[in-house]
Each structure stands twice: as structure tokens, then as C-alpha cells.
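Encoded as C-alpha cells, the structure appears first; notes follow it.
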Amino acid sequence: MSPSSLPPQKKRKLASGDSKVKELEGIEANINKSLAEGGSLNCLVDLLDIARSSSDPAFLHKVLYSLYRSCVSIAASPKINLSKCQTEESKVVRTWLLERIGEFTDLLCGLMTDEEKALRTAALQILMSMLKHLSTAFSTASNMPQIHSIHFRKIVGALLLCPSSSRDGPIESEDHHKVQPDLRDTFIDTWLSSYDDVRWFFFRDATALLRSYKDTNSVPPQVVENLLSFLERLKTMPTEAAELNAYWIIELGTKPPKTPHGPNPPGDEPEEPTPADQDDWRTFFDDAPSAKSATPKSNQARLHTLSTHQCLHSLSSHRAQFSACWMTLLPHIASSPSLAARALAVLHRGVMPHMDKPVRLMDWVGGCVDFGGSIGLLALNALFTLIKDYNLDFPDFYTRLYAFLTRDVMHLKYRGRFFRLTDIFLSSTHLPAAILASFIKRLARLSLTAPPAAIIMIIPFVYNVLKRHPALMVMIHRVDDEAELDPFDEKETSPLRTNALESSLWELVSHRDHYLSSVSTLAKIFSEAFTKPSYALEDFLDHTYATLFETEAKRKLKKDPAVALEAAANLFPTSALGEGQTSDVVSELWAF
1 MSPSSLPPQK KRKLASGDSK VKELEGIEAN INKSLAEGGS LNCLVDLLDI ARSSSDPAFL
61 HKVLYSLYRS CVSIAASPKI NLSKCQTEES KVVRTWLLER IGEFTDLLCG LMTDEEKALR
121 TAALQILMSM LKHLSTAFST ASNMPQIHSI HFRKIVGALL LCPSSSRDGP IESEDHHKVQ
181 PDLRDTFIDT WLSSYDDVRW FFFRDATALL RSYKDTNSVP PQVVENLLSF LERLKTMPTE
241 AAELNAYWII ELGTKPPKTP HGPNPPGDEP EEPTPADQDD WRTFFDDAPS AKSATPKSNQ
301 ARLHTLSTHQ CLHSLSSHRA QFSACWMTLL PHIASSPSLA ARALAVLHRG VMPHMDKPVR
361 LMDWVGGCVD FGGSIGLLAL NALFTLIKDY NLDFPDFYTR LYAFLTRDVM HLKYRGRFFR
421 LTDIFLSSTH LPAAILASFI KRLARLSLTA PPAAIIMIIP FVYNVLKRHP ALMVMIHRVD
481 DEAELDPFDE KETSPLRTNA LESSLWELVS HRDHYLSSVS TLAKIFSEAF TKPSYALEDF
541 LDHTYATLFE TEAKRKLKKD PAVALEAAAN LFPTSALGEG QTSDVVSELW AF
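For the record, in the sequence shown the residue sitting at position 202 is 202 according to UniProt numbering, with numbers rising by one throughout.
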């Protein structure tokens, strides 16, 4: 057999790969040459075709960066500068180039859901880098700092909608249209948390995307969940104007002109104005300006009169965009308990302090209370924050909290969280004694059917409330011969009308005879003088049957227990039964 003239298969593959790379380099060189000499740029279409048809991730990675370098060179050239396109032919070329750049952008947006992590990350990095170069080119052409809004809007849409990858073999699973965690974290850590302009435009475009749908039912579910996943992980928000100092688009970082009352420059998108002489009901929710921040009204510009450049340097504008994004998102997650729980978990610490009018959350949070369970508790926590920190008037708060005191809450897994939050809600010394009496009386009544772990939470909880509010001490000192006439009305829903203050805590006294020694010992605290300091409630919130059993099993005995009876010698017979003796089950099964 004559030897083959072809090289080995591995070498043929390497040679084929090298030829593709050389072809790629040749096309890129032709594009650069055409830009320098004013030749045809049709080679750009060839690069796009290669990128669309490539199935090899490693080679596609090279094609993407080749296209990126070519697009950056085009953006830096005068061919897309509208002010330098004087002829009709040059304007046609400019439009054609922008369309090709748009096609490349669409290709990259699709690759952000690719199964290859390297391609996903590269696509996002290229898109954000192109945003900087395109924005610089358009800012230079217009002599006004601006962002390439169309390009960034596509990025936001890709992050929230997660379109399918253009390559063969996209991610096919239930999470196909959910943003990939690695891509989300990269975008948040590198851009969203670091650059003020990216964050401002992200809020604006995400809000616009949600508002573009006619009704709540038409919004794709992945948009809502993806946007929430970005917002709940955002840990950086400016709290002072001096903190607005990091900008991805360098031109937008320059100090804007002080013309707050002038007309908006061309290309800006002002906010919807509100006439000054109109009776705006929303002013009811406005916070009174503090003396420290008070300035003459003539020097304060309304946000709708500011240009986009000025808004990026305005703390009030950042707070307004942040608030608009959250207020647009929340109605879409009201029907999903899991999403509502995630939003409520960050609402009181990560959202309210950065909103311009936090009390606008009142209706949505109040609706979440109706979910009950752990979600209702989180909603009550958010409501309490609005009441305490933002002067919200919600008179039914303690009535809603009182409704959570049911037999079920003593057996559920979020029992510890319930006691922790309830302790915070009842910590004020200005609460009416009737309300506090109703709470501790209801807890005492529930303790009669509660498991030991729950009783161990209730006793120190009630003790702490009695220590803080001496007016309730009558409930443990009252002695009534007619015990069956308890005036407490357990069916009353209002804690102000239960007559609990005229009752007593006889239920807690009954636990002195509880079968578990740790419960009976703890219950005796009400029979002693109230000189013991308040309990650290956290020490009692994590008890379960398992921890109680472990405590009893590992308890060290100081002395041996007294034995009252002598062990019977013939309790378990060790010899064969005599004639006429009846056998028992133990002797039949075991031999001693």
C-alpha cells in the first residue's frame, strides 16, 4: 500500500484552523485599509457571516473580537460622524455602517444566553466596551455628552428578556430565559454597582421596558424575575451628591452647565412635567425638607427641567429613577408569593432608604400582608419600618399583627422569626396597655396547646413585656375564686377590645407542672420577685424537639437519684419453669 500524501488528521485540523485565522486576519486588515484609504467596507459583511455560521466556540471567540476591533475603528473614523457626512453618498454609507454595527450588537445580545460561559462573558464585555466607544463618537459629533441610548437599550433588553443564542445548542431548560448567574454577577459587580451613569440608565430603560407592555398579564415572566434578581443584589446607591463621581462614559463625567431652568438640549428625554399651579395630590407624601438641606426655592430646579447630563449629576434624579423602577416592578410581582418574599426581604434596608417617597410602598406592602405566613410577616416588618422611620399612619397595624397569633404559628418553621419581629413591634413603651395585654394573653392561651419549644419562647417573651410595662403586672397578681369566668374574649379581632387587661395569665402558671423540667423551671419565674433582668430572647428562638432532647440527654447528674424500691429478684426468671408454672411473653422471647 502506497503511503498517503495527506498529513495526519490532527495536522490537517490544525492547518484548517490556521487558514481560518489567517483569513480572519486578512479580512480585518482589509477593513482597516479601507478605513484609511476610503475604500469599500463590504468585508464587514463577510465577518458577520462568519460569526453567524461558526459553531466552534474558540474560533467564534476570535471572530467576535475581530469584529469588535473593526467596529471600534469605524466608530473612531469620520464615516459615522453626521456632521462630517456632507454628501448623500456619505450619509448612505453612514446608515449602512450603523446597520452593520446594529447587527453585530444583536448577535452579541443573543450570545449572552449561550451555553459557553466564555462566550457569554465576552459578549457582555464587548457590548459594554462598544457602548463607551459609540457614546464617545456621538458625543464628539454633537458637541454634547450623551450615551448611545439605542445600543444600551439593547443590552438592557438582552439582560432582562434573555433571547436564545444564535449558535446551535442553546441552553434548553426551565431556566432558559433566566439571566445566567455568572453574567448577572459580572454586570452588577463590574458596571451596575460601580458606575453611576450605567446605573441611572439601567433604571430608566428597565422601567421603560416594563411600561412598554399594555397590561400586567402581557409582561413576559422572565423580565420581572430577571429585573428583580438585579435590583435585589444591588448594594451600592449614592447617598450624597459627592458620591456621584464614577462614570463609564467619560464625557458624561464632566461637570454639567448650571442651566437648570433652561430648555432641554436636543436629544434629551425630559421627565413628564407637572404644572406648578396644579393641585398635585402626590405632594401629600412629600417629606418636609430638613433645616440642614433647606435652600431657597428659586435655586431648586425641578427634575423635568434638567437635561440628561444634569440628571446624572443630581442625587434627586438618581433616587427618582430608582424609585420609578421599583414602583413599576412591584405590581408585577404582587401575585407571586416567592417573588414578593424576595422583594420584601430587601425592602426595608436596601430600597426604602434610597427612595424619594418611601410611603408610596404602603399599598403594595399592605396587600402582601394578606399572603399570611412568612410573607405576611415580612410585609409587617416593612410596614413597621414605614411607620417608625417615615411617619406612615397605619392604625390597623397591630390589628393585622394580632391576627397572626393563631395555633398554627406555634408549629411552623418561621416561629422564631415571628417572635423576633413581634418583639421589635412591641418594644415601644408608648403602646397602650390594652394592646400589650391582648398580645401576651393570646400567647399565654396558645401556650396551652403549643409544643414545649414554643412554650420556651413564650415565657421569656411575656416576661420581657411585663418588665418593660409595669402596668401589666396586675395580670399576674390577680386572684379570682371564680376561675371559670375569664373575661378575655379570644374571638375578638381587635386587641383593644379583648378585655385582656381584666384577665390573668393563669395559663402560664399551669406550666409549673409541665412534664418537661426545662419548661416547668422556666415557668416558676412568674412566682418570684421581678428582679431578674430581661431575657436575651435570641437564646430561646432556635429550640426544637431535637435541641430539647439533646439538652436532657446530655444533662449531667450531680448525684444519683434516690431509688425507692428494691429490684425484684424474680422479675426476669433465669431458670427453666417448673411443672405447673405458667410462662410469660418475656421468658418466651428472651433468656436471662
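Glycine is no exception: its CB is placed at the ideal position from the N, C-alpha and C atoms.
In this text, all values refer to a predicted model and were calculated from it rather than measured experimentally.
(request) Note down, one range per segment and in chain order, each alpha helix (DSSP H) of at least 4 residues found wholly within the UniProt domain "CCAAT-binding factor" (377 to 523). (result) 397 to 402, 415 to 425, 433 to 446, 452 to 468, 474 to 477, 506 to 510, 517 to 523
(message) Let me make sure I understand the geometry here. Which of Q146, R120, E492, S142 has the alpha-carbon closest to that of residue 614?
(response) Since the first residue shown for the chain is 1 and the last is 592, residue 614 is missing from the structure and cannot be characterised.
(message) If contacts are defined as beta-carbon pairs under 8 Å, then I80 and L98 qualify, I think. What distance do you get, rounded to the angstrom?
(response) The residue labelled residue 80 in the question sits at position 80 within the sequence shown. The residue labelled residue 98 in the question sits at position 98 within the sequence shown. Yes, I80 and L98 are in contact; Cβ-Cβ is about 6 Å, under 8 Å.
(request) Quick one: grab the DSSP three-state call for P266. (result) For the purposes of this step, residue 266 is taken as residue 266 along the sequence shown, with counting starting at 1. Per-residue confidence for P266 stands at a pLDDT of 47, beneath the threshold of 50, marking its modelled position as unreliable; the derived number appears in the next sentence. Looking at P266 - three-state DSSP - the assignment turns out to be coil, as it is neither helix nor strand.
(message) Check for me: the alpha helix (DSSP H) holding Q125 runs from which residue to which?
(response) As a working note, residue 125 is residue 125 in the sequence shown. Counting along the chain, the alpha helix (DSSP H) containing Q125 begins and ends at 117 to 142.
(request) Taking 8 Å as the threshold, find out whether the region 65 to 73 comes into contact with the region 19 to 38 through three or more Cβ pairs. (result) yes
(request) Under 7 Å Cβ to Cβ from F201, same chain only, skipping five residues before and after it: list those, please. (result) For the purposes of this step, residue 201 is taken as residue 201 along the sequence shown, with counting starting at 1. The answer, listed in chain order, is I147, F152.
(request) Look up T308 in the DSSP assignment and say whether it is helix, strand or coil. (result) Within the sequence shown, numbered from 1, the residue matching residue 308 stands at position 308. Helix, per DSSP.
(message) Just to confirm the assignment, what range does the alpha helix (DSSP H) spanning G157 have?
(response) Looking up residue 157 in the sequence shown gives position 157. Looking at the DSSP string, the run of the alpha helix (DSSP H) that includes G157 is 149 to 161.
(request) Output the distance between the C-alpha atoms of P266 and R94, rounded to the nearest integer angstrom. (result) Counting from 1 along the sequence shown, the entry for residue 266 is found at position 266. Counting from 1 along the sequence shown, the entry for residue 94 is found at position 94. Because P266 carries a pLDDT of 47, less than 50, the predicted location of this residue cannot be relied on, and no value is offered for it.
(request) Use the C-beta contact count for N245: other C-beta atoms within 10 angstroms, 16 or more gives buried, fewer gives exposed. (result) Taking the sequence shown and counting its residues from 1, one reaches residue 245 at position 245. Exposed is the call here.
(request) Can you give me the start and stop residues for the alpha helix (DSSP H) that I333 sits inside? (result) Counted from its first residue, the sequence shown places residue 333 at position 333. Unbroken alpha helix (DSSP H) run through I333: 315 to 333.
(request) State the Cα-Cα distance for the pair L505 and A433, rounded to the nearest angstrom. (result) Numbered from 1 along the sequence shown, position 505 holds the residue referred to as residue 505. Numbered from 1 along the sequence shown, position 433 holds the residue referred to as residue 433. Rounded to the nearest angstrom, the two C-alpha atoms are 15 Å apart.
(message) Quick check: what's the CA-CA separation for Y65 versus F59?
(response) Within the sequence shown, the letter at position 65 stands for residue 65. Within the sequence shown, the letter at position 59 stands for residue 59. The straight-line gap from Cα to Cα measures roughly 10 Å.
(message) Please return the same chain residues whose Cβ sits closer than 7 Å to the Cβ of S19, not counting the five positions on each side in sequence.
(response) Taking the sequence shown and counting its residues from 1, the one referred to as residue 19 is at position 19. For S19, where only same-chain residues beyond five positions count, there are no Cβ hits under 7 Å.
(message) So, with DSSP's three-state summary, where would you put F203?
(response) Taking the first residue of the sequence shown as 1, we reach residue 203 at position 203. Correct three-state label for F203: helix.
(request) Could you tell me the distance, in whole angstroms, from the CA atom of R120 to the CA atom of P358? (result) As a first step, residue 120 must be located in the sequence shown, where it is residue number 120. As a first step, residue 358 must be located in the sequence shown, where it is residue number 358. Spanning the two alpha carbons is a distance of roughly 37 Å.
(message) Can you look up H348 in the DSSP assignment and give me helix, strand or coil?
(response) The residue given as residue 348 occupies position 348 in the sequence shown. Three-state DSSP puts H348 in a helix.
(request) Could you tell me the distance, in whole angstroms, from the CA atom of F530 to the CA atom of S427? (result) Residue 530 sits at position 530 when you count from the first residue of the sequence shown. Residue 427 sits at position 427 when you count from the first residue of the sequence shown. When rounded, the distance between both Cα atoms is 18 Å.
(message) On the CB-based measure, 16 or more other CB atoms within 10 Å of its CB, does E507 come out buried or exposed?
(response) Here residue 507 is taken as the residue at index 507 of the sequence shown, counted from 1. Buried, since its Cβ has 16 or more Cβ neighbours within 10 Å.
(request) Can you tell me the Cβ-Cβ gap for L443 and I458, rounded? I've got them flagged as a contact below 8 Å. (result) Position 443 of the sequence shown, counting from 1, holds the residue named residue 443. Position 458 of the sequence shown, counting from 1, holds the residue named residue 458. Confirmed, Cβ separation roughly 5 Å.
(request) Mind checking which residues open and close the alpha helix (DSSP H) that includes E99? (result) The sequence position of residue 99 within the sequence shown is 99, counting from 1. Its alpha helix (DSSP H) spans residues 88 to 111.
(request) Go ahead and pull the three-state DSSP assignment for W248. (result) Here residue 248 is taken as the residue at index 248 of the sequence shown, counted from 1. DSSP places W248 in coil when its eight states are reduced to three.
(request) Return the first residue and the last residue of the alpha helix (DSSP H) that L548 is part of. (result) The sequence position of residue 548 within the sequence shown is 548, counting from 1. Per DSSP, L548 belongs to the alpha helix (DSSP H) from 545 to 553.
(message) I need the straight-line Cα distance from A320 to N464, nearest angstrom please.
(response) For this step, residue 320 is matched to residue 320 along the sequence shown. For this step, residue 464 is matched to residue 464 along the sequence shown. Taking the straight line joining both Cα atoms gives about 42 Å.
(message) If contact is defined by three or more beta carbon pairs under 8 Å, each pair taking one atom from either stretch, is the region 361 to 371 in contact with the region 382 to 390?
(response) yes
(message) Let me confirm a value: A536 is counted as buried when at least 16 other C-beta atoms fall within 10 Å, else exposed. Which label applies?
(response) As a working note, residue 536 is residue 536 in the sequence shown. A536 is exposed by the Cβ-count criterion.
(message) Please classify T113 as buried or exposed, where buried requires at least 16 other C-beta atoms within 10 Å of its C-beta.
(response) Counting from one through the sequence shown, the residue named residue 113 turns up at place 113. With 16 or more Cβ atoms within 10 Å of its Cβ, T113 is classed as buried.
(request) Kindly indicate which three-state DSSP category A536 falls into: helix, strand or coil? (result) For the purposes of this step, residue 536 is identified with residue 536 of the sequence shown, where counting begins at 1. The answer is coil: DSSP assigns A536 none of H, G, I, E or B.
(request) Note down the Cα distance separating M327 from D46, rounded to an integer number of angstroms. (result) Against the sequence shown, residue 327 aligns to sequence position 327. Against the sequence shown, residue 46 aligns to sequence position 46. One C-alpha to the other measures close to 46 Å.
(message) Please identify the residue among N226, L209, V198, S149 whose C-alpha is closest to the C-alpha of H318.
(response) Working through the sequence shown from its first residue, we reach residue 318 at position 318. Checking every option, the nearest Cα to that of H318 belongs to V198.
(request) Reducing DSSP to helix, strand and coil, say where S298 ends up. (result) Here residue 298 corresponds to residue number 298 of the sequence shown, with the count starting at 1. Residue confidence is low: S298 scores 40 on pLDDT, short of 50, so the model does not pin down where it sits. Its coordinate-derived value is still stated next. DSSP places S298 in helix when its eight states are reduced to three.
(request) May I ask you to report which of helix, strand or coil DSSP gives D18? (result) Counted from its first residue, the sequence shown places residue 18 at position 18. Of the three classes helix, strand and coil, the one that applies to D18 here is helix, per DSSP.
(request) Take the Cβ of A382 as the centre, count every other Cβ of all protein chains shown within 10 Å, and call the residue buried at 16 or more, exposed below. (result) If you number the sequence shown from 1, residue 382 lands on position 382. A382 is buried by the Cβ-count criterion.
(request) Would you identify the three-state DSSP class for F371, choosing helix, strand or coil? (result) The count along the sequence shown starts at 1 and reaches residue 371 at position 371. Coil at F371, not helix or strand.
(request) Evaluate contact between the region 489 to 504 and the region 409 to 427, counting only Cβ atoms and requiring at least three cross-stretch pairs below 8 Å. (result) no
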